[in-house]
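Colleague: Counting with our numbering, you get residues 4 to 351 for the letters of the sequence shown. Okay, here's the structure, questions in a sec.
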Amino acid sequence: MESLIRKASNQNATMKPFEDIYRIVWQQTNRLVGADEIAASPEKLDHIMRLFEDISQGASPLRVMFPMLPTFDHIKRTVAGARLYGMLQGLVNDRKRLGRQEDDALQFLMDAGEDIAGITGFLAGGLFAGQLNTGVNAAWLLIYLATNKTWYNKIQKEVDSVLARHGVDQRRETCKIIDILSRFGLEEWISEFPLIDLCLKETIRFQLPGTFCRKNTSDKSITIVGSDEIIPKDAFAVYLTDNCHFNPDIYSEPLKWDPDRYATGRAEDKKGQYAYLGWGVGRHSCLGMTAARMEVTMVVAFFVTLFDFHLLDEKGKRTDTVPMPDRNRFGAGKPKNWNPQLKYTLRS
Numbered sequence: 004m005e006s007l008i009r010k011a012s013n014q015n016a017t018m019k020p021f022e023d024i025y026r027i028v029w030q031q032t033n034r035l036v037g038a039d040e041i042a043a044s045p046e047k048l049d050h051i052m053r054l055f056e057d058i059s060q061g062a063s064p065l066r067v068m069f070p071m072l073p074t075f076d077h078i079k080r081t082v083a084g085a086r087l088y089g090m091l092q093g094l095v096n097d098r099k100r101l102g103r104q105e106d107d108a109l110q111f112l113m114d115a116g117e118d119i120a121g122i123t124g125f126l127a128g129g130l131f132a133g134q135l136n137t138g139v140n141a142a143w144l145l146i147y148l149a150t151n152k153t154w155y156n157k158i159q160k161e162v163d164s165v166l167a168r169h170g171v172d173q174r175r176e177t178c179k180i181i182d183i184l185s186r187f188g189l190e191e192w193i194s195e196f197p198l199i200d201l202c203l204k205e206t207i208r209f210q211l212p213g214t215f216c217r218k219n220t221s222d223k224s225i226t227i228v229g230s231d232e233i234i235p236k237d238a239f240a241v242y243l244t245d246n247c248h249f250n251p252d253i254y255s256e257p258l259k260w261d262p263d264r265y266a267t268g269r270a271e272d273k274k275g276q277y278a279y280l281g282w283g284v285g286r287h288s289c290l291g292m293t294a295a296r297m298e299v300t301m302v303v304a305f306f307v308t309l310f311d312f313h314l315l316d317e318k319g320k321r322t323d324t325v326p327m328p329d330r331n332r333f334g335a336g337k338p339k340n341w342n343p344q345l346k347y348t349l350r351s
């Protein structure tokens with residue numbers, strides 16, 4: 004964020020949300036569930052991000068159905084996984100050799116006696132969520148705000164009101180704003196910005212396409228509770244997210260980005276037991292939901308209160324047009340063939 008502030012002194016400052024915001028969230032996630040050596044090094048951050056992108060690109064419906072099929076993406080994924088393993092092993096060995104202790108997730112796992120395979124598995128799981136979902140959704144959220152003046156103003160007013168309650172006056176000194184927001188703890192980030200939370204919820208609805216797949220790996224058929232459907236042994240249960248997230252019987256104007264649909268009085272996501280799938284449902288909802296909400300809220304609050312901004316297309320022209328969600332994509336991700344910019348200036 005500091006580099007964006009420095010650039011904002013230029014009236015023509017621009018940034019690419021799917022690169023710059025994505026990288027900020029990636030660094031945050033490494034601070035939370037990774038290693039300090041990686042989070043503090045731009046080179047290591049970029050290197051491990053490329054490894055994770057290679058790993059994520061190996062995920063596809065084909066891989067779910069034929070897990071042993073040696074596709075090119077699978078080979079690339081395997082090589083990236085081996086390099087990630089080696090990188091983390093190097094960090095662990097350096098700490099042991101130098102007797103250095105850090106206050107991070109890697110150190111916690113080392114102190115708990117985890118081997119390098121367990122450490123790699125834990126860090127990979129945590130970092131994947133930040134790379135595949137949180138960073139992408141933070142970028143999309145700012146893009147939607149940049150093209151929706153009503154919600155742009157609502158979020159700006161919400162953040163300004165929070166800052167006013169914590170002592171920021173009309174002079175809006177940048178250093179004081181940064182200092183106050185930097186002192187917020189988890190409770191403030193989760194409870195003080197309900198409108199940002201609504202925007203995130205709607206962004207996730209838009210950007211969670213594809214099909215959920217689950218294979219019955221037990222040795223018997225399983226009956227789906229409440230129905231006559233049976234999933235035979237070794238068969239797949241699949242569910243298309245469009246069935247709820249873009250269902251006009253649940254969401255009015257489902258192709259419209261409208262965070263107000265979750266507000267009290269409408270609560271469209273409460274129309275059915277599984278009307279909203281954004282954070283997972285059933286027994287295993289997202290364990291990282293609180294951390295993800297905090298990360299996105301931090302990025303949006305800082306950006307909205309520090310800058311005025313609008314969207315530029317790839318030719319550098321102002322636009323309010325955002326592509327419809329790619330509903331053929333296999334999970335969250337950056338858009339194909341579209342890499343817009345945000346033009347921004349420091350707020351007066």
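In this text, a Cβ means the ideal position worked out from N, Cα and C, and glycines have one as well.
1) Sorry if obvious, but does the Cβ on S6 come closer than 6 Å to a heavy atom of the ligand NAP?
2) With the cut-off set at 7 Å, would you say W143 and M297 are in Cβ contact?
3) Rounded to the nearest angstrom, how far is the Cβ of L345 from that of G281, given a contact under 8 Å?
4) Please report the Cβ distance between V241 and F215, rounded to the nearest whole angstrom; I am assuming they are in contact, meaning their Cβ atoms lie under 8 Å.
5) Taking a contact to mean a Cβ-Cβ separation below 7 Å, would you say I58 touches A83 in this structure?
6) Starting from Q30, trace the alpha helix (DSSP H) in both directions and tell me its first and last residue.
7) What are the start and end residues of the alpha helix (DSSP H) that includes K218?
8) Run through the stretch 218 to 304 for me and flag every whole beta strand (DSSP E) of 3 or more residues, listed as ranges in chain order.
9) According to DSSP, simplified to helix, strand and coil, what is D311?
10) I believe E271 touches S255 by the beta-carbon criterion, under 8 Å. Please report the beta-carbon distance rounded to the nearest angstrom.
11) Are L91 and I122 touching if we call contact CB-CB under 7 Å?
12) Taking Cβ positions, are G138 and W29 nearer each other than 7 Å?
13) Using the rule of at least 16 other Cβ atoms within 10 Å of the residue's Cβ for burial, across every protein chain shown, is A11 buried or exposed?
14) What's the C-alpha gap between K79 and V67?
15) Do the CB positions of F249 and P262 come within less than 7 Å of each other?
16) Going by C-alpha to C-alpha distance, which of V307, K204, T348 and F312 sits closest to I373?
17) Would you say F21 and G213 are within 7 Å of each other, going by their C-beta atoms?
18) Within the continuous alpha helix (DSSP H) that includes Q110, where are the two ends?
19) Looking only at its chain, what residues have a beta carbon closer than 8 Å to the beta carbon of A108, apart from the 5 residues adjacent to it on each side?
20) Would you call A266 buried or exposed, if buried means 16 or more other Cβ atoms sit within 10 Å of its Cβ?
21) Taking T177 as the reference, give the member of L309, P326 and P328 with the closest Cα.
22) Ends of the alpha helix (DSSP H) at Q344?
23) Of the choices I234, L54 and D252, whose alpha-carbon is the least far from that of K273?
24) Bridge partners of T17, per DSSP?
25) Which residues in the same chain as I225 place their Cβ atom closer than 8 Å to its Cβ, once the five residues preceding and following it in sequence are excluded?
26) Assuming Q134 and M52 make a contact with CB atoms under 8 Å, what is their CB distance in whole Å?
27) Could you give the distance in angstroms between the alpha-carbon of I199 and the alpha-carbon of F312?
28) Buried or exposed: which applies to Y277, given that a residue is buried once 16 or more other Cβ atoms fall within 10 Å of its Cβ?
29) Determine the burial state of V228: buried for a count of at least 16 other Cβ atoms within 10 Å of its Cβ, exposed for fewer.
30) Can you list, in chain order, the residues of its chain whose CB lies under 7 Å from that of K337, leaving out five sequence neighbours each side?
31) Anyone know if the C-beta pair for L314 and A149 falls short of 7 Å?
32) Residue ranges of each alpha helix (DSSP H) run of no fewer than 4 residues wholly in the stretch 61 to 124, ordered along the chain?
33) Which residue's Cα is closest to the Cα of L166: Q31, R86, S230 and E195?
34) Distance, Cα to Cα, S44 vs E105?
Modeller: According to the structure shown:
1) This structure lacks the ligand NAP; in fact it carries no ligand of any kind.
2) no
3) Contact doesn't hold; Cβ gap of about 24 Å is too wide.
4) 7 Å
5) yes
6) D23 to V36
7) Element bounds for K218: not the alpha helix (DSSP H) but the beta strand (DSSP E), T214 to K218.
8) 239 to 243
9) strand
10) 7 Å
11) yes
12) yes
13) buried
14) 16 Å
15) no
16) In the structure as shown, the chain starts at 4 and stops at 351, and residue 373 therefore has no counterpart that could be examined.
17) no
18) A108 to D114
19) L35, V36, G37, A38, F125, L126 and G129
20) exposed
21) L309
22) That residue, Q344, is in no alpha helix (DSSP H); its beta strand (DSSP E) goes Q344 to L349.
23) D252
24) K346
25) N219, I233 and I234
26) 7 Å
27) 17 Å
28) exposed
29) exposed
30) F21 and V139
31) yes
32) 64 to 68, 75 to 101 and 108 to 114
33) E195
34) 15 Å
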